[in-house]
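*Asks:*
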Amino acid sequence: MKLKRIHHAAIICSNYSLSKRFYTEILGLSVVGEHYRAVRDSYKLDLALPDGSQLELFSFPNPPKRLSHPEASGLRHLAFEVDDVGAWKTKLESLGVAVEAVRLDEVTKRKFVFFADPDGLPLELYESSATMFI
Numbered sequence: 009m010k011l012k013r014i015h016h017a018a019i020i021c022s023n024y025s026l027s028k029r030f031y032t033e034i035l036g037l038s039v040v041g042e043h044y045r046a047v048r049d050s051y052k053l054d055l056a057l058p059d060g061s062q063l064e065l066f067s068f069p070n071p072p073k074r075l076s077h078p079e080a081s082g083l084r085h086l087a088f089e090v091d092d093v094g095a096w097k098t099k100l101e102s103l104g105v106a107v108e109a110v111r112l113d114e115v116t117k118r119k120f121v122f123f124a125d126p127d128g129l130p131l132e133l134y135e136s137s138a139t140m141f142i
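My numbering numbers the first residue of the sequence shown as 9 and each following residue consecutively.
1. Taking the straight line between their C-alpha atoms, what separation do you get for Lys28 and Leu131?
2. Determine the direct distance from the alpha carbon of Ala95 to that of Pro126, and round the result to whole angstroms.
3. Around the C-beta of Lys117, are 16 or more other C-beta atoms found within 10 angstroms, so that it is buried, or is it exposed?
4. Report, in whole angstroms, the separation of the C-beta atoms of Tyr31 and Leu37, which I expect to be a contact under 8 Å.
5. Take the Cβ of Ile14 as the centre, count every other Cβ of all protein chains shown within 10 Å, and call the residue buried at 16 or more, exposed below.
6. Leaving out the 5 sequence neighbours to the left and right, which residues in its chain are closer than 7 Å to Tyr24 when beta-carbon positions are compared?
7. In the DSSP assignment, find the alpha helix (DSSP H) that holds Gly41 and state where it starts and stops.
Below you can see the structure in the form of structure tokens.
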């Protein structure tokens, strides 16, 4: 018996409509389902990546802020694999998203870059194959 893969990661946002727009329109994730849970005054948005893995986006009234950035115990960041980090950096910046400088992983020699979602959650784009670092 063994674990097969990550099925989903859950994110709690402070502004549901802003985060929904960010993850669907800017990052291009597909909506699988959207539910309003009146008892909790909470939305749950299921989002899919092309490989079938998912993100769950939750809204709750007055969620606490992230305590530190990003070196707190627990989840450090989410990383998404892409074909071209540079093209994604350009796209994100054209949409008003602040993106750090592209870096090169010393071990794999692959490009990666960090940016944040509307609540400051650190997100990473990691290139799927080694290419020339510019």
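Backbone N, C-alpha and C fix where the C-beta goes; we use that ideal spot for every residue, glycine too.
*Replies:* The structure says:
1. To locate residue 28, count along the sequence shown from 1; it is residue 20. To locate residue 131, count along the sequence shown from 1; it is residue 123. Their backbone Cα atoms lie some 15 Å apart in a straight line.
2. Taking the first residue of the sequence shown as position 1, residue 126 is located at position 118. Taking the first residue of the sequence shown as position 1, residue 95 is located at position 87. So the two alpha carbons sit approximately 21 Å from each other.
3. The residue given as residue 117 occupies position 109 in the sequence shown. Exposed.
4. By one-based count along the sequence shown, residue 31 stands at place 23. By one-based count along the sequence shown, residue 37 stands at place 29. Right, their Cβ atoms sit about 5 Å apart.
5. Numbered from 1 along the sequence shown, position 6 holds the residue referred to as residue 14. Exposed, since its Cβ has fewer than 16 Cβ neighbours within 10 Å.
6. For the purposes of this step, residue 24 is taken as residue 16 along the sequence shown, with counting starting at 1. Here the set comprises Tyr51, Ser67.
7. Taking the first residue of the sequence shown as 1, we reach residue 41 at position 33. Per DSSP, Gly41 belongs to no alpha helix (DSSP H); it is in the beta strand (DSSP E), 38-45.
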